[in-house]
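Visitor: Okay, handing you the structure first.
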Amino acid sequence: MHRSLILFVSILACAQAAYQCKDNDGKNVDWFVFYKLPHLYNMPDNRPISNGTGFMYFDVNNKNWKLMPEGMDSPNNAVYYTLQQYYTSNKNTTFTYLYNDEWPDSTTWSNSSGHAKGVTVFDQYTGFWLIHSIPKFPSVDQFRFPSNAHYYGQMGICISFNYGSLSDIDQL
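Just so you know, the sequence shown maps onto residues -17 to -1, 1 to 155 in mature numbering (1 follows the signal peptide of the UniProt record, and there is no 0).
This is the structure we're talking about:
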């Protein structure tokens, strides 16, 4: 009985600490896709769309595009909830890697490099890979949607993985 309780508590702790893509309610999902709409001045009744932060979303559980009521700059969306895991992670025990060909607070970029932007966060059990097209995003210290990303449309996909699948990804 004592061993079963220890095993149950250990499994529960691992499940709660799992790094995964999050949906718009902060719940774990296997994957999601977002499309940040371009800045549309002619939509004054919809603030997120008219200010360039409006976005559409779908995931493994909801496979139809849905226009979200709040913008990408809000702390109530899948990208925010997913990245909060990076911001609150123990960097000593978690593998984190942020990459972007246009870094926050930088005025330089490469026109000869790939258009590569993303975030990976893994512990010894699970992780996620968020691939996106948002320039100067994310910042390394807190969630901030960059003002220079309002004008054009942007896209992203987040995929949850277990640790064992990393060797399969490495072979691609």
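Cβ coordinates follow ideal geometry from the N, Cα and C atoms, glycine included.
Being a predicted model, the structure only gives us computed values, none of them experimental.
Any idea what DSSP makes of T79, helix, strand or coil?
Guide: Translated into positions along the sequence shown, residue 79 becomes position 96. It is a strand residue.
Visitor: K119 to G147, Cα distance in whole Å?
Guide: Residue 119 sits at position 136 when you count from the first residue of the sequence shown. Residue 147 sits at position 164 when you count from the first residue of the sequence shown. About 31 Å.
Visitor: Specify, as a first and last residue, the run of the alpha helix (DSSP H) that T65 falls within.
Guide: Position 82 of the sequence shown, counted from the first residue, corresponds to residue 65. Taken as a continuous stretch (DSSP letters only), the alpha helix (DSSP H) holding T65 covers A61 to Y70.
Visitor: Contact between the segment 126 to 145 and the segment 60 to 77 is defined here as three or more beta-carbon pairs at a separation below 8 Å; is this criterion met?
Guide: Touching, per the Cβ criterion.
Visitor: Assign G110 to one of two classes, buried (16 or more other C-beta atoms within 10 Å of its C-beta) or exposed (fewer than that).
Guide: What you label residue 110 is simply residue 127 of the sequence shown in a count that begins at 1. Buried, by the Cβ-count rule.
Visitor: Alpha carbons only, please: which of L20, D8 and L66 is nearest the one belonging to R127?
Guide: Taking the sequence shown and counting its residues from 1, one reaches residue 127 at position 144. Answer by Cα proximity: L66.
Visitor: In three-state DSSP terms, what is G147?
Guide: By 1-based counting over the sequence shown, the position of residue 147 is 164. G147 falls in the helix class under three-state DSSP.
Visitor: Going by Cα to Cα distance, which pick from L149, P21, T77 and N44 is closest to F38?
Guide: Here residue 38 is taken as the residue at index 55 of the sequence shown, counted from 1. Nearest of L149, P21, T77 and N44 to F38, Cα basis: P21.
Visitor: Return yes when the Cβ of V104 is within less than 8 Å of the Cβ of Y2, no when it is not.
Guide: On the sequence shown, residue 2 is found 19 positions in, with the first residue counted as 1. On the sequence shown, residue 104 is found 121 positions in, with the first residue counted as 1. Taking 8 Å as the Cβ cut-off, Y2 and V104 qualify as a contacting pair.
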